[in-house]
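K.L.:
Every number in this note's numbering is 7 more than the matching position in the sequence shown, counting from 1. C-beta: ideal position from N, C-alpha, C; glycine also. On a predicted model such as this, the values are computed, not experimentally measured, just so you know.
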Amino acid sequence: MKKTILLVMVITLAIMMVFGLAYAGGEKKGAEKEAAEKAPEKAPTEIREIKLYHDNPEWQSFWEEMGEASAQDIGVRAVPTAFETQVYKSRIKVDLPTSRAPSVFKWWFGYRAFELMKAGLLADLSDVWAKVEKNYPPGIKEALTIDGVPYALPFNVGYWVWFYSKAVYKKYNLVLPKTWDEFMKQLEFLKSKGVYGIGNTIGKSRWTSFIVPMELIYRVDADFYVRLMNGKAHYTDPEAVKAMEIWKEMLEKGYFAPMDATYVEDLPRMLKEGTLAYAPFGDWYGGILQQQGLVPEQDYGVFIPPPITPRGKDSIILEISPLCAGKNSPDLEAAKEWYVWYAGKHSAQILWEKLRFVNTVHITADEIKKGDPTLAHEMDLIKNYPNKMIRFWEATPVEIVEYAVDAFNTMLVHPDQYMVLLKGIEEKAKEVWPKYGVNY
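Put into structure tokens, the structure is as follows:
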């Protein structure tokens, strides 16, 4: 695969995704007639174990439940191990070339998967997809394919929205802002009332620093965002500078929650009690909020902030989180059996009930509306956002992302350094892009 081909894949992946994934269960006929996926009448007598690695400690109990369910259904128990994200990225790269390679591991597609594929560390899952493709909406397999080979199954496919506190909105009789100016005035009003505006902090998570600059850049100019991700625009261009200047002003005005607030424990509590107005995350965050005791539409809702300029309209960020298999795992065949089970109805029900994830055709529109009306509302909202773009974390080379994440973390505490930080990212981009065949 030529390096330049990946650039097209990463940005056009969103185009291949079929809108209405969450409603696919209500649209595909015959999905219920899959007897082979039903749990056997008798539990298997022999249990084989495979390793499953992930970087979400908050979901460890979910993975343990999945492991027990697969053990009972097919005799393969996926034993999960959780790591902190920064440690995880290193651990995966250390273990994959060896016989310690995990049978299943959560990863990120785009450039991060490409570097593992290029090193020959990912297992070809074509034989799995031949059995399970009917369980997924069109476009999912293609979105997880590099150079004609599918290397993953989806863990989550979702959009990036802003969660907002119903308690804050009710107390101050607020309405959702329709323009960027209204949004900024609302944040200023909330600050005057002692309410934190936006939950995007360092906390325990280094990676979260890219969220706000990503959200700002594409709202300034969505086409520029795509070109920036593809190495066709520069971090010192006026659009990027404008976004950073807006972020600088927001930081200096105190529109953000305390820097030590965590997104798993602190932000949900603050949203519920009405001390925080907004939290920008992928829609997977709804599952975390519910795990922390929040009720959709009662404690929180979602909205999509207005564009900053007309060039930022009609756009939204898409994230696809894959489960890959280590090619060197000694348990690869058992892992493939587990993957077939994972694409079935029992697994889909656990994903839905525990995390509110909808990846397959097994969950119906009625189930979504009853179980998570906020997610159902989001699915209606994104019909108005036809321009779906890949998240920063996956859409541009890993070396640039990692450098930028550190720069953005510095920005959180030293907003006056925004231009120096942008120039640093630009220099890194100049160093990296030629390695991918891009004349930067």
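Just to confirm, is the Cβ distance from Y262 to E195 under 9 Å?
P.N.:
In the sequence shown, the residue the question calls residue 262 occupies position 255. In the sequence shown, the residue the question calls residue 195 occupies position 188. It is a contact, given that the beta carbons lie within the stated cut-off.
K.L.:
Under 8 Å, with one C-beta from each stretch per pair, do the segment 167-187 and the segment 229-243 reach the 3-pair mark?
P.N.:
Result no; under three Cβ-Cβ pairs closer than 8 Å.
K.L.:
Going by the CB atoms, is the gap between Y270 and Y242 shorter than 9 Å?
P.N.:
Mapped onto the sequence shown, residue 242 falls at position 235. Mapped onto the sequence shown, residue 270 falls at position 263. No, Cβ-Cβ distance for Y242 and Y270 is not below 9 Å.
K.L.:
Output the boundary residues of the beta strand (DSSP E) element that contains I57.
P.N.:
The count along the sequence shown starts at 1 and reaches residue 57 at position 50. R55 to H61 is the extent of the beta strand (DSSP E) around I57.
K.L.:
Along the alpha helix (DSSP H) that carries E254, what are the first and last residues, could you check?
P.N.:
Position 247 of the sequence shown, counted from the start, is the residue given in the question as residue 254. In the sequence under discussion, the amino acid at residue 254 is Trp, which differs from the Glu named in the question. Taken as a continuous stretch (DSSP letters only), the alpha helix (DSSP H) holding W254 covers P245 to E259.
K.L.:
Within the continuous beta strand (DSSP E) that includes R84, where are the two ends?
P.N.:
Position 77 of the sequence shown, counted from the first residue, corresponds to residue 84. Its beta strand (DSSP E) spans residues V83 to A89.
K.L.:
For A89, which option in Q297, R107, K178 and F112 has the closest C-alpha, if you only look at C-alpha atoms?
P.N.:
For the purposes of this step, residue 89 is taken as residue 82 along the sequence shown, with counting starting at 1. With distances taken between Cα atoms, A89 lies closest to F112.
K.L.:
Mind checking E438: buried by the 16 CB within 10 Å criterion, or exposed?
P.N.:
Start at 1 with the first residue of the sequence shown, and residue 438 comes out as number 431. Its Cβ having fewer than 16 others within 10 Å, E438 is exposed.
K.L.:
DSSP three-state call for F112: helix, strand or coil?
P.N.:
Locating residue 112 in the sequence shown gives position 105, where the first residue counts as 1. F112 falls in the strand class under three-state DSSP.
K.L.:
Mind the definition here: the segment 338-346 touches the segment 236-255 only if three or more C-beta pairs lie below 8 Å; say whether that holds.
P.N.:
No, the segment 338-346 does not touch the segment 236-255.
K.L.:
When the Cα of L181 is compared with those of D379, G281 and Y60, which residue comes out closest?
P.N.:
By 1-based counting over the sequence shown, the position of residue 181 is 174. Considering only alpha carbons, the answer is G281.
K.L.:
Under the rule that 16 or more other beta-carbon atoms within 10 Å means buried, what is H421, buried or exposed?
P.N.:
By one-based count along the sequence shown, residue 421 stands at place 414. Looking at its Cβ environment, which holds fewer than 16 other Cβ atoms inside 10 Å, H421 is exposed.
K.L.:
Report yes or no: do the segment 210-222 and the segment 90-104 share at least 3 C-beta pairs separated by less than 8 Å?
P.N.:
Yes, since at least three Cβ pairs between the segment 210-222 and the segment 90-104 fall closer than 8 Å, the two stretches touch.
K.L.:
In whole angstroms, what separates the C-alpha of Y376 from that of K361?
P.N.:
Sequence index remark: in the sequence shown, residue 376 carries index 369 (1-based). Sequence index remark: in the sequence shown, residue 361 carries index 354 (1-based). Inspection of the sequence shows that residue 376 is occupied by Lys rather than by Tyr. The alpha-carbon atoms of K376 and K361 are separated by roughly 16 Å.
K.L.:
So, for K430: in the same chain, excluding its five sequence neighbours on each side, which residues have a beta-carbon less than 7 Å away from its beta-carbon?
P.N.:
On the sequence shown, residue 430 is found 423 positions in, with the first residue counted as 1. Once the five neighbours on either side are set aside, the close Cβ partners of K430 are T243.
K.L.:
For G165, which option in G444, E385 and Y447 has the closest C-alpha, if you only look at C-alpha atoms?
P.N.:
Taking the first residue of the sequence shown as 1, we reach residue 165 at position 158. For G165, the nearest C-alpha among the options comes from E385.
K.L.:
So what does A286 bridge to, in DSSP terms?
P.N.:
Counting from 1 along the sequence shown, the entry for residue 286 is found at position 279. Answer is F170, bridged to A286.
K.L.:
Relative to the C-alpha of I397, which candidate in E326, K138 and K279 has its C-alpha closest?
P.N.:
In the sequence shown, counting from the first residue as 1, residue 397 sits at position 390. For the residues E326, K138 and K279, the minimum Cα distance to I397 belongs to E326.
K.L.:
Tell me whether the beta-carbon of A126 lies closer than 9 Å to the beta-carbon of Y158.
P.N.:
For this step, residue 126 is matched to residue 119 along the sequence shown. For this step, residue 158 is matched to residue 151 along the sequence shown. Contact: no.
K.L.:
Grouping DSSP H, G and I as helix and E and B as strand, with all else coil, what is K437?
P.N.:
Taking the sequence shown and counting its residues from 1, the one referred to as residue 437 is at position 430. K437 falls in the helix class under three-state DSSP.
K.L.:
Go through its chain and collect everything with a Cβ distance to G206's Cβ below 6 Å, but skip five positions before and after it.
P.N.:
The sequence position of residue 206 within the sequence shown is 199, counting from 1. Excluding positions up to five away in sequence, the list reads A264, L274, L283 and A286.
K.L.:
On the DSSP bridge assignment, give the partners of M396 in chain order.
P.N.:
Against the sequence shown, residue 396 aligns to sequence position 389. DSSP, once it has assigned bridges, lists I324 as partnering M396.
K.L.:
What is the DSSP secondary structure of K36, reduced to helix, strand or coil?
P.N.:
Working through the sequence shown from its first residue, we reach residue 36 at position 29. Confidence at K36 is low in this model, with a pLDDT of 40, below 50, so its placement is unreliable and no value can be given for it.
K.L.:
Provide the residue span of the beta strand (DSSP E) that contains Y307, from first to last.
P.N.:
Taking the first residue of the sequence shown as 1, we reach residue 307 at position 300. It spans Y307 to F310 - the beta strand (DSSP E) in which Y307 sits, taken as one unbroken run.
K.L.:
Check for me: the beta strand (DSSP E) holding I205 runs from which residue to which?
P.N.:
Start at 1 with the first residue of the sequence shown, and residue 205 comes out as number 198. From DSSP, the beta strand (DSSP E) with I205 extends over Y203 to I205.
K.L.:
Exposed or buried, what is A42 when buried is set at 16 or more other beta-carbons lying within 10 Å of its beta-carbon?
P.N.:
Position 35 of the sequence shown, counted from the start, is the residue given in the question as residue 42. Because the pLDDT at A42 is just 37, under 50, the model does not fix this residue reliably, and the value given afterwards should be weighed accordingly. With fewer than 16 Cβ atoms within 10 Å of its Cβ, A42 is classed as exposed.
K.L.:
If you check the beta carbons only, do D338 and E56 fall under 9 Å apart?
P.N.:
Here residue 338 refers to the residue found at position 331 when the sequence shown is read from its first residue. Here residue 56 refers to the residue found at position 49 when the sequence shown is read from its first residue. Cβ atoms of D338 and E56: closer than 9 Å.
K.L.:
CB F463 to CB L160, shorter than 9 Å?
P.N.:
Because the chain in this structure spans residues 8 to 447, residue 463 falls outside the shown range and cannot be described.
K.L.:
Report buried or exposed for A444, applying the criterion of at least 16 other Cβ atoms within 10 angstroms of its Cβ.
P.N.:
What you label residue 444 is simply residue 437 of the sequence shown in a count that begins at 1. Per the sequence shown, residue 444 should be read as Gly rather than Ala. Classification of G444: exposed, given that the 10 Å Cβ count is below 16.
K.L.:
Applying the 10 Å Cβ sphere with the 16-neighbour rule, what's the burial state of L428?
P.N.:
Translated into the one-based positions of the sequence shown, residue 428 becomes position 421. L428 is buried by the Cβ-count criterion.
K.L.:
Could you have a look at G333 and say whether DSSP puts it in helix, strand or coil?
P.N.:
Along the sequence shown, read from residue 1 onward, the residue named residue 333 stands at position 326. If DSSP states are grouped into helix, strand and coil, G333 belongs with the strands.
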